[in-house]
Amino acid sequence: MDSSLSRCEEEHTIFETCGSLFDPEKLDLVPCNVNQSEQFYQGSGVYLTWKDLWVTVSTGKDGTKSILQGLAGYACPGQVLAVMGPSGCGKSTLLDALAGRLNSRTRQKGEILINGRKQKLAYGTSAYVTQEDTLTWTLTVREAVYYSAQLQLPITMLQTEKKEIAERSIREMGLQDSIDTTIGGLGSKGLSSGQKRRVSICIELLRHPKLLFLDEPTSGLDSAASYFVMKRIVKLSREHGMTIIASIHQPISEVFELLHNLCLLSEGKTIYFGPSYAANEFFAMNGYTCPALQNPADHYLRMINNDFDEDIELGSGRKMTTQEVISLLVRSYRSSKIFKETERRVAEFHRLEGGQSEKGNQANFLTQCLVLTERSFINMYRDQGYYWLRLVMYIALGLGLGTVFYNIGSSYSSIQARGSLLMFVASLLTIMAIGGFPSFVEDLKVFRCERLNGHYEAAAFVVGNTISSSPFLLLISAIPGVITYYLVGLHPGYIQFSYFIMVLFACMMLVESLMMIVASIMPNFLLGLIVGAGIQGLMMLSGGFFQLPNDLPKLFWKYPLYYIAFHKYAYQGLYKNEFQGLTFHNNELEGSSTIDGETILRDIWQVEMGYSKWIDLAILFGMVLVYRLLFLVTVKIGEKSEMFGPINGPINEGRS
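Residue numbers (UniProt numbering): 1 to 656.
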């Protein structure tokens with residue numbers, strides 16, 4: 001009992017002493033003076049402030065967990081604010097909250113102002129480099145940065161200028177020696193993880209945004225690369241008046257010295273907010289002096305890392321648990337004069353009469369479509385798993401079909417054989433398009449990352465993907481189609497053959513569109529493949545082959561599935577194309593010795609004969625358009641329901 005009392009008295013003494021000694025005037029704290037900085041950055045810089053910021057997440061059954069608890073702070077033009085703390089302390093959540101990127105499952109409360117106003121950041125004002133490097137892995141460094149420059153930079157800028165800016169950005173990140181190296185991924189060799197990190201930063205620095213969020217910019221970098229990258233970022237912030245907020249897990253001492261301000265978090269609470277150089281004195285005044293020759297950042301993180309909750313030596317045999325240290329530091333900071341100084345500066349920036357953030361110029365919609373089409377085409381061409389392996393597989397299947405049904409003839413038994421073959425081509429051959437699902441998911445990851453930063457419109461991505469994939473889909477439809485058609489000996493005639501290829505092409509586009517929709521909703525590889533194959537299996541069952549149309553159960557299978565499944569129109573179009581104009585030997589039924597194709601379509605396959613095969617083909621291509629529009633809709637819904645939307649400036653009270 002006596003020891004507990006003595007510990008409490010000791011903590012109280014330290015707490016009171018720190019509150020009186022930690023005086024910002026004594027420490028000469030001039031990290032961000034609004035009058036001085038406004039003279040240089042007025043009209044161009046971004047002052048970002050936040051006050052009483054809370055972020056909670058639902059834990060189920062009306063339970064909530066606080067991720068951030070009442071934070072306050074500011075970020076100024078020409079300076080770098082580092083957000084530090086142990087894993088899980090809320091660093092990335094703070095960045096997401098300030099950038100307006102929290103997903104719909106979180107609830108945030110508080111006030112965030114940009115230049116003293118609640119406003120949304122217009123395009124070109126801000127950029128965000130996430131923890132995960134999401135890049136098109138088949139491109140070289142030069143291509144990745146240059147394509148991004150074409151999308152981000154103004155349409156009025158000459159191509160030569162865009163190339164110069166792209167190459168300058170590459171040099172700034174020290175990537176000139178790897179400029180023609182493929183980025184690499186999915187089992188392909190390429191850049192190291194640190195180099196990929198620099199490419200991600202390089203892309204977002206193209207416009208020199210006024211506000212830049214960096215989530216773990218030094219992850220994957222060695223100590224030398226970390227220093228030079230951060231040094232160049234700090235230099236750019238000064239030269240262009242950029243406001244930079246970076247979450248850094250464990251910076252080396254040289255990097256720590258580059259930082260202007262420090263926001264130190266633990267368990268979602270502020271341990272310290274102020275100039276980075278003054279943090280040492282704050283910890284020393286609380287009795288946690290940083291040992292000589294030790295990295296201050298390592299020392300701070302060791303003091304406030306509660307994952308292991310070990311006792312911390314205070315000297316003279318005294319010990320405190322990590323939780324006790326955290327509680328003491330939180331109370332000490334909130335009673336200190338530097339906390340009051342932070343509040344004063346937040347209030348001062350709130351009174352700024354800054355203008356609205358102006359929207360920057362970028363590529364128009366047509367240019368976006370052209371650039372994305374070209375980039376996507378190159379990616380598909382170089383990625384063997386996208387179409388080339390599927391082409392080999394389709395050729396093998398075409399040869400298999402051609403040999404199994406070789407020279408099918410015109411006997412009565414060939415009627416069933418032709419129907420089975422056409423069903424296989426329209427259903428089972430096209431279902432193999434799910435093999436490209438992993439590539440679809442990777443494309444969507446890149447899209448979401450770029451879309452978050454407003455590089456282009458969602459519609460431009462859909463258009464570019466559709467146009468770039470069409471030649472490959474036509475290729476993998478035509479080559480196996482030719483092999484199958486002529487080995488089997490289907491209906492002679494150029495028109496019939498062309499129709500056969502067009503139906504196969506339409507079915508390929510439909511299945512690929514369906515898988516893109518699934519990927520946008522369910523980006524997990526395994527679950528996406530299962531769901532996509534399951535949907536196609538249901539539509540295949542109701543298509544009118546396994547059970548003839550008149551025999552399908554009315555509920556669900558015929559109404560509505562039979563009419564909305566593309567298999568119905570593919571089967572009927574192919575049947576009409578194949579059987580109309582042909583006559584078969586009737587050696588199974590009494591009566592005439594031959595049976596014509598019209599009778600087969602009507603009586604055996606129960607095909608609707610009230611319209612021509614070209615209507616079926618038109619419906620298939622109409623469904624392609626509908627599926628692509630649905631893909632666009634699912635992407636847009638994802639932007640609103642999750643966090644794939646434009647960056648938001650303000651946070652309204654109680655916004656969820």
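All residues carry an ideal CB built from backbone N, CA and C; glycine is no exception. Remember, predicted model here, so these are calculated numbers, not experimental data.
Check your understanding: Where R602 and L620 are concerned, what is the direct C-alpha to C-alpha distance, given to the nearest angstrom?
Key -> Roughly 21 Å separates the two Cα atoms.
Point to revise | Length of the line joining the Cα atoms of L81 and R207 | key: Taking the straight line joining both Cα atoms gives about 20 Å.
Practice item. Report the option in N577, Y333, G185 and G597 whose CA atom is closest to the CA atom of L617. Key: When only C-alpha atoms are compared, the closest one is N577.
Practice item. Just mark W137 as buried or exposed, buried being the case when its beta carbon has 16 or more other beta carbons within 10 Å. Key: Buried, since its Cβ has 16 or more Cβ neighbours within 10 Å.
Check your understanding: If we ignore side chains and look at the alpha-carbon of each, how far apart do Y74 and L262 end up?
Key -> Approximately 10 Å between the Cα atoms of the pair.
Check your understanding: Roughly how many angstroms lie between the CA atoms of F15 and F282, to the nearest whole one?
Key -> Unreliable positioning characterises F15 in this predicted model, as indicated by a pLDDT of 43, which lies under 50. The coordinate reading is nonetheless provided below. Computed Cα separation, rounded: 11 Å.
Exercise for review: In the DSSP assignment, find the alpha helix (DSSP H) that holds S247 and state where it starts and stops.
Suggested key: Per DSSP, S247 belongs to no alpha helix (DSSP H); it is in the beta strand (DSSP E), T243 to S247.
Review point. What runs of the beta strand (DSSP E), each 3 residues or longer, lie entirely inside the region 594 to 618?
Key: Segments of the beta strand (DSSP E) lying fully in the region 594 to 618: 594 to 596.
Exercise for review: Keeping to the same chain, check which residues put their C-beta closer than 8 Å to that of E204; ignore five residues upstream and five downstream.
Suggested key: Correct list, in chain order: A127, Y128, V129, L212 and N453.
Practice item. Take G464 and list the residues in its own chain whose beta-carbon comes closer than 6 Å to its own, dropping the five residues that flank it on each side. Key: Taken in chain order, the residues that qualify are C369, L372, T373 and S376.
**Study point:** Span separating the alpha-carbon of S593 from that of T583
**Key:** If you draw a straight line from the Cα of S593 to the Cα of T583, it comes to about 10 Å.
**Study point:** Beta-bridge pairing of D215 - partner residues as DSSP gives them
**Key:** Beta-bridge analysis with DSSP links D215 to S247.
Exercise for review: Please determine, among V503, V83 and V635, the residue with the shortest C-alpha to C-alpha distance to V518.
Suggested key: V635 is the residue among V503, V83 and V635 whose C-alpha sits nearest the C-alpha of V518.
Review point. Taking one C-beta from the region 520 to 528 and one from the region 490 to 499 each time, how about it: are there three or more such pairs within less than 8 Å?
Key: Short answer: they don't touch.
Point to revise | Between the CA atoms of A433 and residue 713 - distance to the nearest angstrom | key: Since the first and last residues shown for the chain are 1 and 656, residue 713 lies out of range.
Point to revise | Supposed contact pair I67 and T56 - C-beta distance, whole angstroms, cut 8 Å | key: Their Cβ separation, rounded to whole angstroms, is 7 Å, which keeps T56 and I67 in contact under 8 Å.
Exercise for review: Could you work out which residue in Y611, D133 and G400 is closest to V488 when comparing CA atoms only?
Suggested key: Of Y611, D133 and G400, the smallest CA-CA separation from V488 is found for G400.
Review point. Which residue or residues does DSSP assign as beta-bridge partners of N281?
Key: According to the sequence shown, residue 281 is Glu rather than Asn. DSSP, once it has assigned bridges, lists no residue as partnering E281.
Check your understanding: To which residues does DSSP link R107 through a beta bridge?
Key -> R107 is bridged to T56.
Review point. In its own chain, which residues sit with a C-beta less than 6 Å from the C-beta of P480, not counting the 5 before and 5 after it?
Key: Excluding positions up to five away in sequence, the list reads Y394, I395 and G398.
Practice item. Give the secondary structure of I112 by DSSP, where H, G and I count as helix, E and B as strand, and everything else as coil. Key: Strand, per DSSP.
Review point. Going by Cα to Cα distance, which pick from M609, S439 and T243 is closest to G385?
Key: Nearest to G385 by C-alpha distance, out of M609, S439 and T243, is S439.
Practice item. Find out if the Cβ-Cβ distance for the pair L95, S247 is shorter than 8 Å. Key: Going by beta carbons, L95 and S247 fall inside the 8 Å limit.
Check your understanding: Are the region 406 to 420 and the region 443 to 458 touching, with three or more C-beta to C-beta distances below 8 Å?
Key -> Segments in contact, no.
Check your understanding: How big is the Cα-Cα spacing for E257 and T321?
Key -> Rounded to whole angstroms, E257 and T321 show a C-alpha spacing of 29 Å.
Exercise for review: Look up W137 in the DSSP assignment and give the residues it is bridged to.
Suggested key: Looking at the DSSP assignment, W137 forms no beta bridge with any residue, so it has no partner.
Point to revise | Residues bridged to Y486 [DSSP beta-bridge criterion] | key: For Y486, which the question treats as bridged, DSSP gives no partner whatsoever.
Check your understanding: Do the region 186 to 202 and the region 213 to 231 touch if we need at least three Cβ pairs shorter than 8 Å?
Key -> Under the three-pair Cβ rule at 8 Å, the region 186 to 202 counts as touching the region 213 to 231.
Review point. So, are the CB atoms of D215 and S335 less than 8 Å apart?
Key: Contact: no.
Point to revise | Anticipated Cβ contact below 8 Å, I155 with N364, distance rounded | key: Right, the Cβ-Cβ distance comes to about 5 Å (below 8 Å), so this counts as a contact.
Practice item. Using alpha carbons as the reference points, say which of F273, V392, T367 and P291 lies closest to I338. Key: When each option's Cα is compared against that of I338, the closest is F273.
Review point. What did DSSP end up calling L5 once you bin it into helix, strand or coil?
Key: Its pLDDT being 41, under 50, L5 is placed unreliably in this model, and the coordinates cannot settle the point.
Practice item. Identify which residue in Y562, E143, G419 and R448 has its Cα closest to the Cα of F579. Key: Per the C-alpha coordinates, the member of Y562, E143, G419 and R448 positioned closest to F579 is G419.
**Study point:** Extent of the continuous alpha helix (DSSP H) run through F546
**Key:** Neither: F546 is in no alpha helix (DSSP H) and is coded neither H nor E.
Review point. Below 8 Å between beta carbons: does that hold for Q176 and I170?
Key: Contact annotation: Q176 and I170 have beta-carbon atoms nearer than 8 Å.
Review point. Terminal residues of the continuous alpha helix (DSSP H) containing A426?
Key: From DSSP, A426 is part of no alpha helix (DSSP H); its letter is neither H nor E.
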